[in-house]
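Peer 1: The structure under discussion is supplied below as C-alpha cells; questions concerning it will follow.
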Amino acid sequence: MERREEVSRRPWYQEYLKGLWEENPIFRMLLGMCPTLAVTTSALNGLSMGLATTFVLTSTSLVVSIIRKLVPGQVRIATFTVIIATFVTVADLFLKAKFPAISKALGPYVPLIVVNCFILGRQEVFASKNPTGRSILDALGVGSGFIFALTLLGSIRELLGSGEVFGHEVIPGWHPWVVMILPAGAFLTLGFLVAAMNAIERTK
Amino acid sequence: MEGRLVVAVSPHIRAEMDTRKVMMGVLISLVPGIVAGVWFFRWHALVLLASCLAGTLSAEASACILRKKPSTLGDLSAAVTGVLLAMVLPPTLPFWAAFLGGVVAVGVGKQVFGGLGQNIFNPALVGRAFLMAAFPVLMTTWVAPGPEAVTVATPLALMKFDHKATPLLDLLVGKVGGCMGETSALALLIGGLFLVLKGYADWRIPLSYLGTVAVLGAIPWAFRPDLYPSPMFHLLAGGLMLGAWFMATDPVTTPVTKVGRYMFGIGAGVLVVVIRLWGGLPEGVMYSILLMNAVTPLIDRYTVPVPFGGKR
Amino acid sequence: MSVSARMMLVLTVVGVFSGLSLVYMDKYAEPYIALHKKEAVREAIDKVLPGVDKVEEVHRDETVIYRALDSSGKLLGYAFLAEGPGYQGKIQLMVGVAPDLRRLTGMEVLESVETPGLGAKITESSFEEQFRGLEAVPAVGYVKAGRKPAPNEITAITGATISSASVVRIVNEGLNEVRRVVRAGPPDCETEATIKWKGGKK
Chain V
1 MERREEVSRR PWYQEYLKGL WEENPIFRML LGMCPTLAVT TSALNGLSMG LATTFVLTST
61 SLVVSIIRKL VPGQVRIATF TVIIATFVTV ADLFLKAKFP AISKALGPYV PLIVVNCFIL
121 GRQEVFASKN PTGRSILDAL GVGSGFIFAL TLLGSIRELL GSGEVFGHEV IPGWHPWVVM
181 ILPAGAFLTL GFLVAAMNAI ERTK
Chain W
1 MEGRLVVAVS PHIRAEMDTR KVMMGVLISL VPGIVAGVWF FRWHALVLLA SCLAGTLSAE
61 ASACILRKKP STLGDLSAAV TGVLLAMVLP PTLPFWAAFL GGVVAVGVGK QVFGGLGQNI
121 FNPALVGRAF LMAAFPVLMT TWVAPGPEAV TVATPLALMK FDHKATPLLD LLVGKVGGCM
181 GETSALALLI GGLFLVLKGY ADWRIPLSYL GTVAVLGAIP WAFRPDLYPS PMFHLLAGGL
241 MLGAWFMATD PVTTPVTKVG RYMFGIGAGV LVVVIRLWGG LPEGVMYSIL LMNAVTPLID
301 RYTVPVPFGG KR
Chain U
1 MSVSARMMLV LTVVGVFSGL SLVYMDKYAE PYIALHKKEA VREAIDKVLP GVDKVEEVHR
61 DETVIYRALD SSGKLLGYAF LAEGPGYQGK IQLMVGVAPD LRRLTGMEVL ESVETPGLGA
121 KITESSFEEQ FRGLEAVPAV GYVKAGRKPA PNEITAITGA TISSASVVRI VNEGLNEVRR
181 VVRAGPPDCE TEATIKWKGG KK
C-alpha cells in the first residue's frame, strides 16, 4: 500500500514562485475562502491571518514530508488532520498569549484555520509525495501567495472603508464606505481582484 | 447595394419597438415625477440628477471600452438607470456619493453580468442598495420640501416609530420628506399610466403589486386602525408608486410569462407589507423588488408555457 | 507488520506527540492569557472609575463586583461587567457607579459585534462619555438624536437606535443586579480576592 512518490521536477526556485501567482490559493485556485472573506476587514488582520496560516501550512508540510513514507494511505487524511489541528492550536494559544489584540480581532477564525482546505490540499498533492526541502519551499510559496492576497484584500477594504491602510491615514477627510468592512465588501473586492488577475493573465 | 436587398435569417416580422424607443418612453413617463422632485427639492434635485447621470453614463462608456464592444450609450438604458437612481436617493446626498452610486449601478449592477439584458438585479436598485450599505447615515437623512431643507422624518418612519400618520393629501401631492422622486404619488401615477397605456410596461405587475399591498395592508388596519396604517397610506407613502410602475416593470429582471408576472407582483407586495409592518426598516420597496429579482429565474422556470404538442 | 497494526501505530504516535506538544503549549500560554484578561479588566475599571488605586473583587452567587478605592482607602464606587444581546450579537460592558448607586461614573464597551459605521459607534468615546455622571435613578433612558436628553438620558446614535437602546438596557439590568448584591449585606465579608492596584501605569 505504499503511495507512489511523484517527485516534482521543477527547478527548486519554481517550487516557491509558483505559489505566488500560477498556483495562488486565492486568486487562481479560489480555495480557503472562509478566512479570506471573513477577516480581511483591515490590512493588519489580513496580514496576521496570512502569517498564522503560513506557519501552520509550513510546519505541517515539514512534518508530513518527513513521515510521508511511514503513514499508510488509508489513514493519511486522519494523520494530516491531527497534525494540522495541533499546529493550529499552537498558533492560537501563541497569539492569545503574545498578541491578544490580534487574537481578539481574528476571533474564531484562527481555530478555523484547521478547516482551511488548501492546507490539507498541499499535504495531499505535494508534501506527502515530495522530499522535505521541496515541501517546505512549496508551503512557503503557497503561504506567501495567501499572505499577499489577504493583505491586498485587507488593504483595499481598509482604504475604502476608513481611508487608512495599516491604521495610517492615507486619504485625509475620506468619507468611509461602510459597505467595504461588511461581508458584501469582501465579495465585491474579491470579485474585482479575481477579474483583474484574469485580465492580467490573459494579456500574457 | 445599400439597403436595396436585405437578406436575413428569421424572424422576419419585426415590431417597430426597439430598446431605444422603450427607454425613451420610460424617460418621458418619468418627467412628471422629476418635475415634482425639482419643484420640491430645488437645486438639490438637479445636482442629484446630474451626478447620477454622470455616474451611469461614464460607467457605461468605460465598460464598453474595457470590453472592446461598440458603445451602448445610444440605447438610453444607462440614462434611464441614472434617472431612476437619482429619484430613489435622498435629495441632500453629496454629489460624489450619487456619482459613485451611478457607477456601481451600471458597473456592478449591469455590465459585470454582460450588459443590458444579462443583469439579474435592477441596476438602479443595486446602486441604491450599495449606497445604503456604504453610507447608512447619509442615506437616511431626509429633508422637508422647500428652499429651507429642514431635516425631517419620512412619513413611513413617523408611522413606524412614532405612530403618527401623515395627511393623505400631502402624500398624494408629495409635500413630504423622502427620496427625490418618490414623494409625489400623483406625478408618478400619471407617468406610470402613460407607460402602461403606451404598452412600454406590462400592467400586470403594478396591478398585482399595488393590489397585494392594499389588501394585505388592510387586514391589520381593519382590526387596529389606531396602530396600523390604512391601505391608502401604504399605497401613497414611500417608494411604492415609483417601484411598482418603473422598477418592478423592468423587462430584464422580471418574469417573462403572464402568470409569472402576477407571481412577481404578489411576492413583492407581500414582502413590502411584511417589512413595513414587522421589519426593522420603515420601508421595504427596494428589498422587495431586489428579492423578487433574485427568484425571477425560478419563477420563469416553473411558468414556462408548454409548446403545442410538447410535454411538461 | 500488518497494515492495520501500522495504521494504529502511526495514529497513536502522532496522537501522543500532538497531545504532548499541546500540553506544553498550554502550560506556556496560560499565565499570559490570564494576565491579559486581568489587565483588560483593570484598564476598563480605570476608565470607568477615574482615580482608582485599589480594587477588591466581591463575589456573590454568579455576580462579580469590583469595589474601587482611592489612595486614601475611601470607596470611590463600584464597577461591574454587564452583558446582553445587541443588534447583531453579544455586547459586554464595564460600568462604573458611584457609592450611592444613583449616579454612573462611566461606561466602557469591552466586546461588541455591531454594524461598522452605525451600531459600532457605541464603542466610540463620544457615546461612552455620555454615561459619565449620568443619573441612574429611576433608570437610564435614551432619546433620539436632535432632542434634549433629561439628566438620566443619553442621546441615541443616529440610525442605530437598537444598539443604543441595548446598551441602556444592559446597563440598567446590571445596575439592578449590583444594587441587589450591595444592599444584601456588607460586601466586605464576601471578598475573595484583592487585586493590588499598581499605580502609575498611565
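The listed protein sequences correspond, in order, to chains V, W and U. Heads up: the first sequence begins at 1 in the working numbering, then just goes up one per residue. Heads up: the second sequence begins at 1 in the working numbering, then just goes up one per residue. Heads up: the third sequence begins at 1 in the working numbering, then just goes up one per residue. Ideal Cβ placement from N, Cα and C applies to all residues, glycine included.
Enumerate in chain order the residues of its own chain whose CB-to-CB distance from Leu84 of chain W is below 7 Å, with the five nearest sequence positions on each side excluded.
Peer 2: Within the same chain, Leu84 of chain W has close Cβ partners Ala124, Phe246, Met247.
Peer 1: Which same chain residues, not among the five before or five after Lys204 of chain V, have their C-beta less than 8 Å away from its C-beta?
Peer 2: Here the set comprises nothing.
Peer 1: Spell out the partners DSSP gives Lys90 of chain U in its beta bridges.
Peer 2: The partner list for Lys90 of chain U (beta bridge, DSSP) reads U:Pro85.
Peer 1: Can you list, in chain order, the residues of its chain with a C-beta nearer than 7 Å to that of Ile200 of chain V? Leave out the 5 residues immediately preceding and following it.
Peer 2: Cβ neighbours of Ile200 of chain V beyond the five flanking positions: none.
Peer 1: Should Thr166 of chain W be labelled buried (16 or more other beta-carbon atoms within 10 Å of its own) or exposed?
Peer 2: Thr166 of chain W should be labelled buried.
Peer 1: What is the rounded straight-line gap between the Cα of Val82 of chain V and the Cα of Leu137 of chain V?
Peer 2: Cα to Cα, Val82 of chain V sits roughly 22 Å from Leu137 of chain V.
Peer 1: If you follow the alpha helix (DSSP H) that His234 of chain W is part of, which residue opens it and which one closes it?
Peer 2: Per DSSP, His234 of chain W belongs to the alpha helix (DSSP H) from 231 to 236.
Peer 1: Using a Cβ-Cβ cut-off of less than 7 Å, give me the residues of the segment 174 to 202 of chain V that come near chain U, in sequence order.
Peer 2: Listed by position along the chain: Pro176, Val178, Ile181, Leu182.
Peer 1: Would you grab the beta carbon distance between Ser21 of chain U and Val88 of chain V for me? Rounded to a whole angstrom, and I think it's under 8 Å.
Peer 2: Contact doesn't hold; Cβ gap of about 12 Å is too wide.
Peer 1: Alpha carbon to alpha carbon, how far is Met232 of chain W from Ala101 of chain V?
Peer 2: About 54 Å.
Peer 1: Does DSSP classify Ala127 of chain V as helix, strand or coil?
Peer 2: Ala127 of chain V: helix per DSSP, three-state reduction.
Peer 1: Please name the residue in W:Pro229, W:Met23, W:Pro90 whose C-alpha comes closest to that of Val38 of chain W.
Peer 2: The shortest Cα separation from Val38 of chain W among W:Pro229, W:Met23, W:Pro90 belongs to W:Pro90.
Peer 1: Under the assumption that Tyr66 of chain U contacts Ile91 of chain U (Cβ atoms under 8 Å), give the Cβ distance between them as a whole number of angstroms.
Peer 2: Not confirmed; about 19 Å, so no contact.
Peer 1: Per DSSP, Trp12 of chain V forms a beta bridge with which residues?
Peer 2: DSSP output for Trp12 of chain V lists no bridge partner at all.
Peer 1: Please go through the same chain and pick out, in chain order, the residues whose beta-carbon is closer than 6 Å to the beta-carbon of Ala36 of chain W, but skip the five residues on each side of it.
Peer 2: Correct list, in chain order: Gly174, Ser184, Ala187.
Peer 1: Taking 8 Å as the threshold, find out whether the segment 141 to 160 of chain V comes into contact with the segment 92 to 103 of chain W through three or more Cβ pairs.
Peer 2: No: the two stretches stay apart, fewer than three of their Cβ pairs being nearer than 8 Å.
Peer 1: Examine chain U for any beta-carbon lying closer than 8 Å to the beta-carbon of Leu205 of chain V, and answer yes or no.
Peer 2: Outside the displayed range of chain V (1 to 204) lies residue 205 of chain V, so it cannot be described from this structure.
Peer 1: Check the C-beta distance from Leu236 of chain W over to Leu168 of chain W and give it rounded, since I have them as a contact under 8 Å.
Peer 2: With 8 Å as the limit, Leu236 of chain W and Leu168 of chain W qualify as a contact, their Cβ atoms being about 6 Å apart.
Peer 1: By the DSSP assignment, the alpha helix (DSSP H) with Glu201 of chain V in it spans what residues?
Peer 2: Unbroken alpha helix (DSSP H) run through Glu201 of chain V: 183 to 203.
Peer 1: Here's the rule I'm using: 16 or more other beta-carbon atoms within 10 Å means buried, otherwise exposed. How should Glu148 of chain W be labelled?
Peer 2: Exposed.
Peer 1: Is Glu16 of chain U buried or exposed, if buried means 16 or more other CB atoms sit within 10 Å of its CB?
Peer 2: Per the sequence shown, the amino acid found at residue 16 of chain U is Val instead of Glu. Burial call: exposed.
Peer 1: Among all the DSSP beta bridges, which residues are the ones paired with Met107 of chain U?
Peer 2: Answer by DSSP bridge pairing, in chain order: U:Val95.
Peer 1: Would you give the residue range spanned by the beta strand (DSSP E) that Arg276 of chain W belongs to?
Peer 2: Unbroken run through Arg276 of chain W is the alpha helix (DSSP H), 258 to 278; no beta strand (DSSP E).
Peer 1: Please classify Trp142 of chain W as buried or exposed, where buried requires at least 16 neighbouring CB atoms within 10 angstroms.
Peer 2: Flag for Trp142 of chain W reads buried.
Peer 1: Throw me the rounded Cβ distance for the Val137 of chain U and Asn152 of chain U pair, which I believe falls under 8 Å.
Peer 2: That pair is a contact at about 7 Å.
Peer 1: Skipping 5 residues on each side, what residues in its chain have a beta carbon closer than 6 Å to that of Ile162 of chain U?
Peer 2: Counting only Cβ-Cβ distances below 6 Å, and skipping sequence neighbours, we find Tyr87.
Peer 1: How would you call Gln208 of chain V, buried or exposed, if buried means at least 16 neighbouring beta carbons within 10 angstroms?
Peer 2: No statement about residue 208 of chain V is possible, as the shown extent of chain V runs from 1 to 204 and does not include it.
Peer 1: Counting only beta-carbon atoms, is Thr158 of chain U nearer than 8 Å to chain W?
Peer 2: Yes, Thr158 of chain U lies at the interface with chain W (some Cβ there is under 8 Å from its Cβ).
Peer 1: So, is the C-beta of His36 of chain U closer than 8 Å to a C-beta in chain V?
Peer 2: Chain V, which has a Cβ nearer than 8 Å to the Cβ of His36 of chain U, makes this yes.
Peer 1: Quick one, which of V:Arg68, V:Ala139, V:Leu20 has its alpha-carbon nearest Thr53 of chain V's?
Peer 2: It is V:Ala139.
Peer 1: Measure the C-alpha to C-alpha separation of Lys148 of chain U and Glu129 of chain U and round it to an integer number of angstroms.
Peer 2: C-alpha separation (whole angstroms): 16 Å.
Peer 1: Give the residues of chain U in contact with Ala78 of chain V, contact being defined as C-beta atoms less than 7 Å apart.
Peer 2: Within 7 Å Cβ-Cβ: Leu11.
Peer 1: Give the range of the alpha helix (DSSP H) segment to which Ile299 of chain W is assigned.
Peer 2: 285 to 303 is the span of the alpha helix (DSSP H), which, as asked, contains Ile299 of chain W.
Peer 1: What residue from U:Thr115, U:Phe127, U:Val58 has the CA that sits closest to Arg179 of chain U's CA?
Peer 2: If we check each option's Cα against that of Arg179 of chain U, U:Val58 comes out closest.
Peer 1: Using a Cβ-Cβ distance under 8 Å, would Met94 of chain U count as near chain V?
Peer 2: Met94 of chain U does not count as touching chain V.
Peer 1: Just to confirm before moving on: does the CB-CB distance between Leu104 of chain U and Leu134 of chain U stay below 8 Å?
Peer 2: The answer is yes: Cβ separation under 8 Å.
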